[in-house]
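K.L.:
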Amino acid sequence: MAVDVYLSEEEIANRIQQLADQINKDYAGKELTVVGVLNGAFMFTADLIRKLNIPVELDFIAASSYGDDTSSSGQVKIEWDLKKEIKGKHILLVEDIVDTGLTIKSLKALLGSREPASVKLASLLFKPARNVHPVDIDYLAFEIEDKFVIGYGLDYTGKYRELPYIGIYSE
Ligand code: IMP
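Here our numbering is used: the first residue of the sequence shown is 41, the next is one more, and so on.
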C-alpha cells in the first residue's frame, strides 16, 4: 500500500486556526458545547478546541455507517451517546468527513430533537462528489475530490488514524 500526502500538517493547522477565529467571533459572549464524532474526529476536535477562546464543554458521540469497507452501508447506529444533557445549549458537532452525509444528517437530527439552543456543524473534509444527503456545513476546513483519505483521525480498517497529515490511500 502507498500513502500520498494530500493535506500537510501545516495546511491543516493553518486552516483550523482560520475556522477557530470564525467560531470565536460567532460565539463571542456565549458558551459552546463541542461534540466530537468518534473515532474519526478526535484529532480535529482536539486541535480545534485548543484554538478556541470562548468557554467550552466537550462531549463525544459515536455512530457507525461504515463496516471495514470503503463504501457506506446506508445505516447509522449510535454506538456511544453523549454523557450530558444538551437542552438549551449551543452545540457544535465536529465531524471528520461528510461523505454521503448520512451520518451527520442522522446525528444532527438526533441532537436537534433534544432541544438545544442551536446546532451547528464543523467538518474537516467534504466530498461533494459522493454527497446524497445535503447538510449545511457551517465551518468546513477542506472540500476534497472523490478519493479515499486516511490519517489525521481517519482510518482504513481501523488503521492510519495516527498520521499527522491527510493522505490518499491506494493499495
Ligand atoms: P457518510 O455517512 O457517508 O457521510 O460517512 C461519514 C463517515 O464515513 C465518516 O465519519 C468517516 O468515518 C467515513 N468515511 C467517509 N469517507 C472516508 C474516507 O475517505 N476516509 C476515511 N473514512 C471515510
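Heads up, the beta-carbon is just placed ideally off N, CA and C, and yes, glycines get one too. Predicted, not measured: the structure shown is a model, and the values here were computed from it.
What is the rounded straight-line gap between the Cα of Asn206 and the Cα of Gly152?
P.N.:
In the sequence shown, residue 206 corresponds to position 166, counting from 1. In the sequence shown, residue 152 corresponds to position 112, counting from 1. Correcting the residue type first, residue 206 is Ile in the shown sequence and not Asn. Spanning the two alpha carbons is a distance of roughly 31 angstroms.
K.L.:
Counting C-beta neighbours from all protein chains within 10 Å, is the total for Ser163 16 or more, i.e. buried, or is it exposed?
P.N.:
On the sequence shown, residue 163 is found 123 positions in, with the first residue counted as 1. Buried, since its Cβ has 16 or more Cβ neighbours within 10 Å.
K.L.:
From Tyr196, Tyr192, Tyr209, pick the residue whose C-alpha is nearest to that of Leu203; which is it?
P.N.:
Stepping through the sequence shown from its first residue, residue 203 is reached at position 163. Closest option to Leu203, Cα to Cα, is Tyr192.
K.L.:
Got a sec? Which residues, its chain only, sit under 6 angstroms from Leu72 by beta carbon, not counting five neighbours each side?
P.N.:
Position 32 of the sequence shown, counting from 1, holds the residue named residue 72. Ile94, Val96, His130, Leu132.
K.L.:
Does DSSP classify Glu71 as helix, strand or coil?
P.N.:
Walking along the sequence shown from the start, residue 71 turns up at place 31. Coil at Glu71, not helix or strand.
K.L.:
In this structure, how does DSSP classify Asp178 when only helix, strand and coil are distinguished?
P.N.:
By 1-based counting over the sequence shown, the position of residue 178 is 138. Looking at Asp178 - three-state DSSP - the assignment turns out to be coil, as it is neither helix nor strand.
K.L.:
Run the proximity test for Leu194: is its beta-carbon closer than 7 angstroms to any non-hydrogen atom belonging to the ligand IMP?
P.N.:
Stepping through the sequence shown from its first residue, residue 194 is reached at position 154. Yes - the ligand IMP has a heavy atom lying nearer than 7 angstroms to the Cβ of Leu194.
K.L.:
Take the Cβ of Glu183 as the centre, count every other Cβ of all protein chains shown within 10 Å, and call the residue buried at 16 or more, exposed below.
P.N.:
Here residue 183 refers to the residue found at position 143 when the sequence shown is read from its first residue. Counting Cβ neighbours within 10 Å, Glu183 comes out exposed, since fewer than 16 surround it.
K.L.:
Distance, Cα to Cα, Asp109 vs Ser146?
P.N.:
Position 69 of the sequence shown, counted from the first residue, corresponds to residue 109. Position 106 of the sequence shown, counted from the first residue, corresponds to residue 146. Interpretation of Asp109 is limited by its pLDDT of 48, a score under 50 that renders its predicted location unreliable; no figure is taken from the coordinates.
K.L.:
Checking 8 angstroms against the spacing of the C-beta atoms, do Ile101 and Asp87 come in under that value?
P.N.:
On the sequence shown, position 61 is the one that residue 101 refers to. On the sequence shown, position 47 is the one that residue 87 refers to. Not closer than 8 angstroms, so no.
K.L.:
Out of Ser105, Gln62, Lys160, point me to the one whose CA is closest to Lys91's CA.
P.N.:
Here residue 91 refers to the residue found at position 51 when the sequence shown is read from its first residue. Nearest C-alpha to Lys91: Gln62.
K.L.:
In its own chain, which residues sit with a C-beta less than 7 angstroms from the C-beta of Lys148, not counting the 5 before and 5 after it?
P.N.:
Taking the first residue of the sequence shown as position 1, residue 148 is located at position 108. Result list for Lys148: Leu133, Val159, Leu161, Val175, in chain order.
K.L.:
Report the rounded CA-to-CA distance for Glu50 versus Ser104, giving the unit in angstroms.
P.N.:
Translated into positions along the sequence shown, residue 50 becomes position 10. Translated into positions along the sequence shown, residue 104 becomes position 64. Approximately 30 angstroms, taken between the alpha carbons.
K.L.:
Cutting at 6 angstroms between CB atoms, please list the residues of its own chain near Arg201, excluding the five before and the five after it.
P.N.:
For the purposes of this step, residue 201 is taken as the residue at position 161 of the sequence shown. Result list for Arg201: Gly193, Asp195, in chain order.
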